[in-house]
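Residue numbers (full-length UniProt numbering): 1 to 260. Heads up, the beta-carbon is just placed ideally off N, CA and C, and yes, glycines get one too. Here the structure is a predicted model, which means the values were calculated and not measured.
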Amino acid sequence: MAKNILALNFKGGSGKTTLASTTASYLHNSMLIEMDTINQSDKRINSKNYYESIQMDFLTELDDEFFKFERILRKSDKNIIIDVGANKLSTFHKSMVTNDLYQFVDLFLIPCMDGSDDFNVAMDFLESIKDHVDLENKVIFVFNRFNEYEYSSVQNQFDQFFDNAKIIQKKYKVDLTNESNYFAIKDSLPIKYARRNAITIKELCDTNLDAINQKIDEITNEQDDELMQLIKKRNIVKSALLLQKNYILPGIEKIINKLK
């Protein structure tokens with residue numbers, strides 16, 4: 001059965017687009033809807049081998065484009081992942097509340113950085129929707145840019161969230177003592193590389209390492225710049241595979257389990 005997933009945080013720069021495209025690329029039969037035709041961050045990503053991607057925009061909930069979106073939300077046979085651009089957050093939220101559509105969202109992915117601003121903004125979002133949808137078993141916090149070298153644990157870096165776990169559970173039914181309700185993505189060069197080259201992390205991980213190694217073996221001494229680029233790409237792919245194994249796949253597994 002197809003599901004609707006919303007990656008949203010009222011704060012810009014929290015990693016919504018990367019999270020949305022990563023989730024879409026690892027789920028089967030998925031379509032990513034980007035609510036932003038100005039920046040079109042998702043459109044620049046080469047995703048055709050992994051998921052369908054469309055851009056939508058509307059000024060109010062009475063626009064035809066929003067009617068189309070509601071039809072997709074209610075009737076699509078695909079797994080829908082929704083990425084809302086920073087410039088559309090207010091309009092999107094108002095339209096969803098006005099039309100009582102948050103009830104059709106099966107999973108809320110809330111990307112967060114560490115710090116009090118991200119904590120407060122995440123709580124503001126949950127507060128704004130708690131009267132419109134039962135949040136129990138419908139929320140996963142995604143803690144971005146986890147620094148495994150400076151912090152001994154996710155709980156240590158994102159302490160504002162975990163120190164307030166009892167309040168979050170009482171008010172929003174999200175239990176942060178249960179690991180199924182959060183996962184972390186470490187700060188990583190492969191993520192920056194994928195974003196810069198307009199590809200998904202999945203595509204980077206699917207790169208043929210044998211082909212790269214063969215090119216490295218065949219390259220001549222006169223092609224030093226090309227050799228350096230190939231070595232760099234090979235090492236980034238290897239790093240991406242570790243990121244996939246240790247962080248992304250465990251996170252995707254939690255998403256899939258939450259949707260069952």
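Own chain residues within Cβ distance below 7 Å of residue i, not counting five before or after
i: alanine 240; result: Pro190, Ile201, Leu204, Cys205
i: serine 30; result: Ala24, Tyr51, Lys78, Asn79, Ile81
i: tyrosine 151; result: Gln157
i: phenylalanine 104; result: Asn4, Leu73, Arg74
i: tyrosine 247; result: Ala184, Ile185, Lys186
i: serine 128; result: His93
N-terminal and C-terminal residue of the beta strand (DSSP E) that residue i is part of
i: aspartate 83; result: 79–84
i: methionine 35; result: 30–35
i: lysine 186; result: 182–186
i: glutamine 55; result: 52–56
Assigned secondary structure, residue i (DSSP; H/G/I helix, E/B strand, else coil)
i: valine 133; result: coil
i: aspartate 103; result: First, the residue type needs correcting, since residue 103 is glutamine and not aspartate in the sequence shown. In this structure, glutamine 103 counts as helix in the three-state DSSP scheme.
i: glutamate 148; result: coil
i: alanine 20; result: helix
i: valine 139; result: strand
i: alanine 240; result: helix
i: alanine 2; result: coil
Proximal residues to residue i (C-beta, below 8 Å), its chain only, five neighbours per side dropped
i: residue 262; result: Residue 262 is absent from the model: the chain starts at 1 and stops at 260.
Residue i, enclosing alpha helix (DSSP H) - first and last residue
i: glutamine 157; result: 154–157
i: isoleucine 72; result: 64–75
i: serine 95; result: 89–98
i: isoleucine 167; result: 165–172
Residues of its chain near residue i, where Cβ-Cβ distance is below 6 Å and the 5 sequence neighbours each way are ignored
i: phenylalanine 69; result: Met56
Identity of the residue in the options nearest residue i by Cα
i: lysine 260; options: Lys138, Ile212, Gln155, Asp175; result: Lys138
i: leucine 59; options: Glu34, Ser90, Asn49, Leu32; result: Ser90
i: tyrosine 102; options: Asn49, Ile54, Gly115, Ala7; result: Ala7
Segment contact flag, the region 131–147 with the region 95–108, C-beta cutoff 8 Å, min 3 pairs: yes
Could you tell me whether the region 110–123 touches the region 14–22, using the rule of 3 or more Cβ pairs below 8 Å? yes
Sufficient close CB pairs (3 or more, under 8 Å) joining the region 170–186 to the region 224–241: no
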